[in-house]
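Student: Please find one structure pasted underneath; my questions will follow.
Chains as they are written, first to last, in the working numbering: chain F, 1 to 533; chain Z, 534 to 1066.
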């Protein structure tokens, strides 16, 4: 048991390949053998060189931007680095050498004043501006519409813990601060944020805010939108400080209008978040349930209880069978414990007294609800590998697999139907193309009224894997919409979910958003084409 | 210990006098004696007859509204009933016979279709429309701007539990359902909402949504905006279903744009809220702290802990001294327990196992933090009188006192400064008028990052008590703004807080709200003058 989470290096990801480049994953023999069982035998072609289009910003404009003090870079390397994110379609485009979405220039301000100044130049000259921070987008949120010239506004120099209110437990961060850096800075003061999405190593404070990120400890510490108490947002029409109190009845909660706005309403420059003391106790357990239904019912009971763990996660039978909760040992059969069924991970963090109180209550409930305790080993394995899942994707693509994830969220009474419908839609769409798919699923975020579903899909890649996946994704989107669920629980809208998103919220809400956009960004320079068309 | 909360009759309040008319309060001799100590000796003049202005809607328009099927009433009695709410300024205007804010007509639809039809007539003819449900507003939210003709859209016929999803624990209510009726309907199915504002006997589901109400169990069950998972909103430009999932990353959370919108963006016709099973155990305790600082520090420790009670409330020394937590015995000294200091109320509701777990943890913490356990008697007294506080106001006004409440919210590190500043501002403003004031305060809603402050002010009424109070309220508003706090924690903006509210959110946010208003209500018929000028 450690007091602090394992430190993670703050290292830039390589364009087109997920994760810390010094820590890439090699597939085990057991995984490679498993792939042959679904017909994956031929390696993918070697990635091509990425070609980016001509720069379409004149030198006068580049000079005006440079005059703000921000660094301007129009090199192919910089533009390729800021090209898209890390969805499978993004990775496949990289592999195909497609740099068509590249920004015309990369602009790196060093403070909020420069952000506002760059924004003014762009607004004045009608140049689109796409905020970039962690670069870990997986729904096309970085691929701004190039109908006009677009710069990538790289916020990675806006970094640091600007203020810590230890009494109110509020930390003010510059928006470009990466999550591991945020934890390091807080840790020096005895505090922790506790926001652990799988993109933890790359993601930033600002990026988590504008995409409504959810971390693996969401049942304990809340989603990122729960943690945010305030935002500073720069718009072409002024700067706004949003959030005067924890909660208020002073009109609509406008924090919730900017959270999830994906840079379309303004550029978030600072974020004030709720933090907590570094836990002195961390306990992670595995529990076994005979099937997904009984495991999900137990998750629901805990989500609807007043006493909750810090981490709660349930893999379905397929994911449990492939041991995906422990990516380092994926494909290998669990060495001990019951065979089949579903693995639940239950974690507690806090001080001795509060962990003891919650652990006792939760363990008793889980046993009553049909769970079998597996001890701490599966929990610790999960914890050690908690950011490793996405590292499997590139080697799987190399090996000739088509692999991607997708996620959604609905109310409890609709959860099993949604799981069945999405699974059927994806397996149907891929099966129809002659490529049977393995679809695995887990629940990793729960609420009193519902839960998220996170799917991992593996199939044999065809010659045109982009179209192959687009067909499957479209079928999934249709199934999600037909089931009345939300198109995304924590990956945001971007460009990939936009059509389904607009259907989900409907005409009145689209008009409300459009009105806000037009009022704050009358020339439409903020992240054009993202969130709203 | 009972399984259900005491049932409360659903009875209309009398215009100009708070609460169930069959259950009015008489001041005890000890209160009357206490009043003389701050110079209150002369009874207020007897209330005058209320005079309402001429009806300014032509018969053609009234016919068009009647054709929707809604009931139309232009009688003086109906218009007086729908005149303003129950703030002290409202009560004083009633007493002065001032009916100038009366709506031109009262329109009572029986279903959401009639609401939309009435909205269409009003939009077409430029008639303002002010939604009315519980009528318990205390910040002028019912006093729509009469620069144009205005109808009061009385939603009290839109009532009932429309759907109950026991698995997801979501109840769908018609917006006009009163809270006691909602609890009765849920109770028949074994469920409870658990939303207990002091206005419980009069307030409605829809009213709680559009004003971001907070109930006495907010630390356990959340504020009303936390409970809402979905809304149906009728606007002049279309009907919208808002909220597809518990939480989502599909853009901004637009529920939070309509919650707190006070009818300015649309008329809420149904609300989907999170409910819980009727608790089998309810325990309420009193705790004593030597002073407000140590009590507030203990509140903060619990608010920042993972294990929380269901109810948590702290009276300051002045409120504790006057025994205001137990209005039925107000003014009488507590019969037992320590003298002086501050009274904390701590309540637990749930099942045996979860209450036991939380009670043990919380009691241990409170003792460590300097609290002295007073047993269940003060807790049960508080619970019995939990809705009685506002019943004291009318008899106090009758007796010649000026009495009003106000509330605010800030972060923990700012709480004691805010309390001192508001107290000084109010006592200064009243003292300057020759009327020394008693200012009492309690904390009744806590969050990990901050808490609300609720003030009760009593002074001797001058001949023009409206101006007298306006001066004090203005001083309080200035102090709240200067301290960086929010102008209201749970009473909403209405007309009374509008000027300070616009300063609080600033130009960018005002423009965002204005844009939404103009997009959804282009002719400005929805609650004109409320929320936005």
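Even for Gly, the Cβ is constructed at its ideal location relative to N, Cα and C.
Counting contacts by CB-CB distance shorter than 8 Å, is residue 1039 of chain Z in contact with chain F?
Tutor: Numbered from 1 along the second chain, position 506 holds the residue referred to as residue 1039 of chain Z. Yes, contact with chain F.
Student: If you pair each beta-carbon of the segment 948–955 of chain Z with each one of the segment 1012–1026 of chain Z, do three or more pairs fall below 8 Å?
Tutor: Yes, they touch.
Student: Just tell me which of F:355, F:378 and F:356 has its CA closest to the CA of residue 344 of chain F.
Tutor: Here residue 344 of chain F refers to the residue found at position 344 when the first chain is read from its first residue. Nearest of F:355, F:378 and F:356 to residue 344 of chain F, Cα basis: F:378.
Student: Note down, in chain order, all residues in the segment 772–787 of chain Z with a beta-carbon under 8 Å from any beta-carbon belonging to chain F.
Tutor: Per Cβ criterion, the list reads 772, 773, 774, 775, 777, 778, 779, 780, 781, 782, 783, 784, 785, 786 and 787.
Student: Give a yes or no on whether the minimum CB-CB distance between residue 164 of chain F and chain Z is below 8 Å.
Tutor: As a working note, residue 164 of chain F is residue 164 in the first chain. No, because no Cβ of chain Z sits closer than 8 Å to the Cβ of residue 164 of chain F.
Student: In angstroms, rounded to a whole number, what distance separates the CA positions of residue 721 of chain Z and residue 944 of chain Z?
Tutor: To locate residue 721 of chain Z, count along the second chain from 1; it is residue 188. To locate residue 944 of chain Z, count along the second chain from 1; it is residue 411. Roughly 40 Å between the two C-alpha positions.
Student: On the criterion of 16 or more Cβ atoms from any shown chain inside 10 Å, does residue 256 of chain F qualify as buried, or is it exposed?
Tutor: Counting from one through the first chain, the residue named residue 256 of chain F turns up at place 256. Buried is the call here.
Student: Between residue 1009 of chain Z and residue 577 of chain Z, what straight-line distance do the alpha-carbon atoms span, to the nearest angstrom?
Tutor: Counting from one through the second chain, the residue named residue 1009 of chain Z turns up at place 476. Counting from one through the second chain, the residue named residue 577 of chain Z turns up at place 44. Approximately 25 Å between the Cα atoms of the pair.
Student: Under 8 Å between the Cβ atoms of residue 67 of chain F and residue 782 of chain Z?
Tutor: If you number the first chain from 1, residue 67 of chain F lands on position 67. If you number the second chain from 1, residue 782 of chain Z lands on position 249. Not in contact: residue 67 of chain F and residue 782 of chain Z (Cβ atoms no closer than 8 Å).
Student: Roughly how many whole angstroms lie between the Cα atoms of residue 1060 of chain Z and residue 936 of chain Z?
Tutor: For the purposes of this step, residue 1060 of chain Z is identified with residue 527 of the second chain, where counting begins at 1. For the purposes of this step, residue 936 of chain Z is identified with residue 403 of the second chain, where counting begins at 1. Using only the alpha carbons, I get a separation of about 28 Å.
Student: Compute the Euclidean distance between the alpha carbons of residue 214 of chain F and residue 444 of chain F, then round it to the nearest angstrom.
Tutor: Translated into positions along the first chain, residue 214 of chain F becomes position 214. Translated into positions along the first chain, residue 444 of chain F becomes position 444. So the two alpha carbons sit approximately 9 Å from each other.
Student: First and last residue of the beta strand (DSSP E) that includes residue 460 of chain F?
Tutor: Translated into the one-based positions of the first chain, residue 460 of chain F becomes position 460. Looking at the DSSP string, the run of the beta strand (DSSP E) that includes residue 460 of chain F is 450–460.
Student: Let me know the secondary structure DSSP gives residue 900 of chain Z once reduced to three states.
Tutor: One-based indexing of the second chain puts residue 900 of chain Z at position 367. In this structure, residue 900 of chain Z counts as helix in the three-state DSSP scheme.
Student: What separation, rounded to the nearest whole angstrom, lies between the Cα atoms of residue 242 of chain F and residue 1038 of chain Z?
Tutor: Your numbering for residue 242 of chain F matches position 242 in the first chain. Your numbering for residue 1038 of chain Z matches position 505 in the second chain. Going from the Cα of residue 242 of chain F to the Cα of residue 1038 of chain Z covers about 7 Å.
Student: So with Cβ pairs under 8 Å, would you call residue 944 of chain Z a contact of chain F?
Tutor: If you number the second chain from 1, residue 944 of chain Z lands on position 411. Closer than 8 Å: yes.
Student: Kindly list the residues whose CB is nearer than 6 Å to the CB of residue 654 of chain Z, restricted to its own chain and excluding five residues on each side of it in sequence; keep chain order.
Tutor: Walking along the second chain from the start, residue 654 of chain Z turns up at place 121. Result list for residue 654 of chain Z: 597 and 598, in chain order.
Student: So residue 535 of chain F is in the alpha helix (DSSP H); what residue range does that whole segment cover?
Tutor: No answer is possible for residue 535 of chain F: the residues shown for chain F start at 1 and end at 533.
Student: Inspect the beta-carbon positions of residue 515 of chain F and residue 767 of chain Z and report whether they are closer than 8 Å.
Tutor: Here residue 515 of chain F is taken as the residue at index 515 of the first chain, counted from 1. Here residue 767 of chain Z is taken as the residue at index 234 of the second chain, counted from 1. No, these two residues do not count as a Cβ contact at 8 Å.
Student: What does residue 1051 of chain Z touch in chain F if you count any residue whose Cβ is under 8 Å from its own?
Tutor: On the second chain, position 518 is the one that residue 1051 of chain Z refers to. By Cβ distance, chain F contributes 515.
Student: Residues of chain F with CB under 8 Å from residue 792 of chain Z, in chain order?
Tutor: Counting from 1 along the second chain, the entry for residue 792 of chain Z is found at position 259. Here the neighbours are 252 and 253.
Student: Under 8 Å, do residue 805 of chain Z and residue 755 of chain Z count as touching if we go by C-beta distance?
Tutor: On the second chain, position 272 is the one that residue 805 of chain Z refers to. On the second chain, position 222 is the one that residue 755 of chain Z refers to. Cβ distance not < 8 Å, so residue 805 of chain Z and residue 755 of chain Z don't count as in contact.
Student: Counting Cβ pairs closer than 8 Å, one from the segment 171–190 of chain F and one from the segment 806–824 of chain Z, do we hit at least three?
Tutor: Counting Cβ pairs under 8 Å, fewer than three are found: no touch.
Student: At least one CB of chain F closer than 8 Å to the CB of residue 1034 of chain Z: is that the case?
Tutor: Residue 1034 of chain Z sits at position 501 when you count from the first residue of the second chain. Interface residue, yes.
Student: Would you kindly work out how many angstroms separate the C-alpha atoms of residue 744 of chain Z and residue 795 of chain Z, rounded to a whole number?
Tutor: Numbered from 1 along the second chain, position 211 holds the residue referred to as residue 744 of chain Z. Numbered from 1 along the second chain, position 262 holds the residue referred to as residue 795 of chain Z. Approximately 6 Å between the Cα atoms of the pair.
Student: Taking the alpha-carbon positions, what's the residue 905 of chain Z to residue 822 of chain Z distance?
Tutor: For the purposes of this step, residue 905 of chain Z is taken as the residue at position 372 of the second chain. For the purposes of this step, residue 822 of chain Z is taken as the residue at position 289 of the second chain. Rounded to whole angstroms, residue 905 of chain Z to residue 822 of chain Z spans 7 Å at the Cα level.
Student: Using 8 Å as the threshold, is the C-beta distance between residue 893 of chain Z and residue 750 of chain Z below it?
Tutor: If you number the second chain from 1, residue 893 of chain Z lands on position 360. If you number the second chain from 1, residue 750 of chain Z lands on position 217. No, these two residues do not count as a Cβ contact at 8 Å.
Student: Any idea what DSSP makes of residue 722 of chain Z, helix, strand or coil?
Tutor: Residue mapping note: residue 722 of chain Z aligns to position 189 of the second chain, counting from 1. DSSP places residue 722 of chain Z in coil when its eight states are reduced to three.
Student: Pick helix, strand or coil for residue 976 of chain Z, following the three-state DSSP scheme.
Tutor: The residue labelled residue 976 of chain Z in the question sits at position 443 within the second chain. Residue 976 of chain Z: strand per DSSP, three-state reduction.
Student: Helix, strand or coil for residue 818 of chain Z per DSSP?
Tutor: Walking along the second chain from the start, residue 818 of chain Z turns up at place 285. Of the three classes helix, strand and coil, the one that applies to residue 818 of chain Z here is strand, per DSSP.
Student: To which residues of the same chain is residue 874 of chain Z closer than 7 Å at the C-beta, ignoring the five residues directly before and after it?
Tutor: The sequence position of residue 874 of chain Z within the second chain is 341, counting from 1. Cβ within range, chain order: 821, 822, 823, 824, 850 and 853.
Student: Residue ranges of each beta strand (DSSP E) run of no fewer than 3 residues wholly in the segment 571–624 of chain Z, ordered along the chain?
Tutor: Fully enclosed beta strand (DSSP E) runs of 3 or longer: 604–606.
Student: If contacts are defined as beta-carbon pairs under 8 Å, then residue 813 of chain Z and residue 884 of chain Z qualify, I think. What distance do you get, rounded to the angstrom?
Tutor: The sequence position of residue 813 of chain Z within the second chain is 280, counting from 1. The sequence position of residue 884 of chain Z within the second chain is 351, counting from 1. Rounded, the Cβ-Cβ distance is 5 Å, consistent with contact.
Student: Could you pull out every residue in the same chain whose Cβ sits closer than 8 Å to the Cβ of residue 266 of chain F, ignoring the five residues on either side in sequence?
Tutor: Walking along the first chain from the start, residue 266 of chain F turns up at place 266. Counting only Cβ-Cβ distances below 8 Å, and skipping sequence neighbours, we find 233, 234, 235, 240, 258, 520, 521 and 526.
Student: Along the chain, where does the alpha helix (DSSP H) containing residue 480 of chain F start, and where does it finish?
Tutor: One-based indexing of the first chain puts residue 480 of chain F at position 480. Residue 480 of chain F -> alpha helix (DSSP H) spans 465–482.
Student: Apply the 10 Å Cβ neighbour rule to residue 566 of chain Z and answer buried if 16 or more other Cβ atoms are within range, or exposed otherwise.
Tutor: To locate residue 566 of chain Z, count along the second chain from 1; it is residue 33. Exposed is the call here.
Student: What residue does the beta strand (DSSP E) around residue 939 of chain Z start on, and which one ends it?
Tutor: In the second chain, residue 939 of chain Z corresponds to position 406, counting from 1. Run containing residue 939 of chain Z: 934–944, per the beta strand (DSSP E) assignment.
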